[in-house]
Amino acid sequence: MKTYYLTTLILSLSITLIGCKQQKKNVTEEEIATPSVEESIEIQQSITIEKLENSPVYTNAALTLDLPETIKISQGGDMDFAFNLENYELGAQTQGPNSLKLANSGKGQHIHFILDNQPYSAHYEPRFKKEIPDGVHHLVAFLSRSYHESVKNTNSVVVRKLMVGTNPQDSLGLDMKAPTLIYSRPKGEYTGKDAENLLLDFFVLNTTLSKDGHKVRATINGEEFIITEWAPQIIKGLPIGEVSIQLELLDETGTLIPGPFNKVTRTVLLKE
Numbered sequence: 129m130k131t132y133y134l135t136t137l138i139l140s141l142s143i144t145l146i147g148c149k150q151q152k153k154n155v156t157e158e159e160i161a162t163p164s165v166e167e168s169i170e171i172q173q174s175i176t177i178e179k180l181e182n183s184p185v186y187t188n189a190a191l192t193l194d195l196p197e198t199i200k201i202s203q204g205g206d207m208d209f210a211f212n213l214e215n216y217e218l219g220a221q222t223q224g225p226n227s228l229k230l231a232n233s234g235k236g237q238h239i240h241f242i243l244d245n246q247p248y249s250a251h252y253e254p255r256f257k258k259e260i261p262d263g264v265h266h267l268v269a270f271l272s273r274s275y276h277e278s279v280k281n282t283n284s285v286v287v288r289k290l291m292v293g294t295n296p297q298d299s300l301g302l303d304m305k306a307p308t309l310i311y312s313r314p315k316g317e318y319t320g321k322d323a324e325n326l327l328l329d330f331f332v333l334n335t336t337l338s339k340d341g342h343k344v345r346a347t348i349n350g351e352e353f354i355i356t357e358w359a360p361q362i363i364k365g366l367p368i369g370e371v372s373i374q375l376e377l378l379d380e381t382g383t384l385i386p387g388p389f390n391k392v393t394r395t396v397l398l399k400e
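When the sequence shown is numbered by my numbering, its final residue is 400 and no position is left out of the sequence of numbers.
Here it is as structure tokens:
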């Protein structure tokens, strides 16, 4: 009788242990098949970039400035700029699907005015004043679509050196004829739908980009991307909050090309 009871107890315990192991195994397989909420969120927030396409090309658009390559001004202060345009309309809305996909200016097409590779100011009229302090400065201005994508052709950009004051000092030492990277977008703050697709855009001077030649390395929140074509990109999968973007102009070996503007870092803010 005792032997029968002991045998039954052992059998019962074995079945219980096997059932526990089987249940644990099933839970583990289910967890593998279905990631946790935290894992799903992490996958969804992976940062990607992709080439922006389907923008009007504006091959014949031109921007000019009737001033010499080196502009000398006796003292700092407000300076008048009067740009000339051909085959391009400031204030017009750029046609096509990208105006709905990206942050778009309600004021339309404009000029990006960039002094010393600092954040641009947008101008919707060809004539305006800008305060220029004493010193040696480098101006790059180019045509922009209403959603802030630059028009990329040899006639759409103006490059000038400004020497302002009685004894202007050149603290940058920029060679205006050397390969140079100019940062444009993203910039500022983005809210709601505008935060879903960010335009990554820049201007390159005195060089071209290719797989075997010069290229741009974009580091976005610590993730690196190599851009081998001078083309705008869309950044996707960014988290809400501060976003860090660093751009570097590299040579064919992956080494930073010397130049005061060829490595730049900016921070933008995304809001819900």
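Just so you know, even glycine gets a beta-carbon here, dropped at the ideal spot from N, CA and C.
On a predicted model such as this, the values are computed, not experimentally measured, just so you know.
Count the other CB atoms, across all protein chains shown, that sit within 10 Å of the CB of residue i; report buried if there are 16 or more and exposed otherwise.
i: ARG255; result: exposed
i: THR222; result: buried
i: ASP329; result: buried
i: GLU166; result: Confidence is the limiting factor: at GLU166 the pLDDT is only 47, short of 50, which leaves the residue's position unreliable and the question unanswerable from this model.
i: LEU377; result: buried
i: ILE373; result: buried
i: ILE354; result: exposed
i: LEU228; result: exposed
i: LEU398; result: buried
i: ALA269; result: buried
i: THR336; result: exposed
i: VAL155; result: Reliability fails at VAL155, whose pLDDT of 40 lies under 50, so the model's placement of it is uncertain and no value is given.
i: LYS152; result: Since pLDDT at LYS152 reaches only 40, below the 50 mark, its modelled position is unreliable, and the value read off the structure follows with that caveat. LYS152 is exposed by the Cβ-count criterion.
i: THR162; result: Low confidence applies here, because THR162 scores a pLDDT of 49, under 50, leaving its location unreliable and the question unanswered by this model.
Would a C-beta distance cut-off of 9 Å place residue i and residue j closer than the cut-off?
i: LEU309; j: PHE389; result: yes
i: ASP206; j: ILE260; result: yes
i: GLU357; j: LYS179; result: yes
i: VAL396; j: LEU375; result: no
i: PHE241; j: ALA250; result: yes
i: ILE239; j: LEU271; result: yes
i: ILE199; j: MET304; result: no
i: LYS289; j: GLU197; result: yes
i: LYS235; j: SER274; result: yes
i: GLY301; j: GLN203; result: no
i: LYS258; j: PHE331; result: no
Name the residue from the options whose alpha carbon lies nearest to the alpha carbon of residue i.
i: SER183; options: PHE211, SER233, GLU277 and ALA210; result: GLU277
i: ASP393; options: ILE355, ALA359 and THR347; result: A small correction: the amino acid at residue 393 is Thr; Asp does not occupy that position in the sequence shown. If we check each option's Cα against that of THR393, THR347 comes out closest.
i: GLY263; options: GLU400, VAL287, SER299 and PRO247; result: SER299
i: LEU403; options: MET304, LYS343, SER274 and ASN283; result: A query on residue 403 cannot be resolved here, the shown segment of the chain reaching from 129 to 400 and no further.
i: VAL185; options: VAL279, ILE177 and SER312; result: VAL279
i: GLU324; options: PRO367, ARG288, LYS289 and GLY350; result: PRO367
i: SER334; options: ILE373, GLY293, GLY350 and VAL285; result: For the sequence presented, residue 334 should be read as Asn rather than Ser. Per the Cα distances, VAL285.
i: GLY369; options: THR319, LEU337, ARG273 and ALA359; result: THR319
i: TYR311; options: LYS364, ASP244 and GLU352; result: ASP244
i: GLU181; options: ALA269, VAL371, PRO225 and SER233; result: PRO225
i: ASN92; options: ASN188, LEU384, SER233 and GLY382; result: Past the boundaries of the shown model lies residue 92; the chain is included only from 129 to 400, so the question cannot be answered.
i: LYS339; options: GLY382, GLU400 and GLY365; result: GLY382
i: ILE201; options: ALA220, SER233 and HIS265; result: HIS265
i: GLY219; options: SER233, ASN212 and PRO296; result: SER233
i: ARG313; options: ILE363, GLN297, ASN295 and GLU352; result: ILE363
i: VAL287; options: ALA359, PHE211 and LYS391; result: PHE211
In terms of DSSP beta bridges, what is residue i paired with?
i: LEU333; result: THR308
i: ILE348; result: GLU351 and ILE373
i: THR103; result: The structure shown does not extend to residue 103, since the chain spans only 129 to 400, so no value can be given for it.
i: LYS177; result: The question names Lys, but residue 177 in the sequence shown is Ile. Looking at the DSSP assignment, ILE177 forms a beta bridge with ILE363.
i: THR198; result: LYS289
i: TYR318; result: LEU398
i: ALA190; result: GLU214
i: ALA231; result: DSSP lists no partner for ALA231.
So, under 8 Å CB-CB, residue i and residue j are touching, yes? Tell me the CB distance rounded to an integer number of Å.
i: PRO247; j: LYS315; result: 6 Å
i: GLN361; j: ILE177; result: 4 Å
i: GLY350; j: GLU380; result: Not really, about 25 Å apart at Cβ, beyond 8 Å.
i: GLU217; j: GLN237; result: 6 Å
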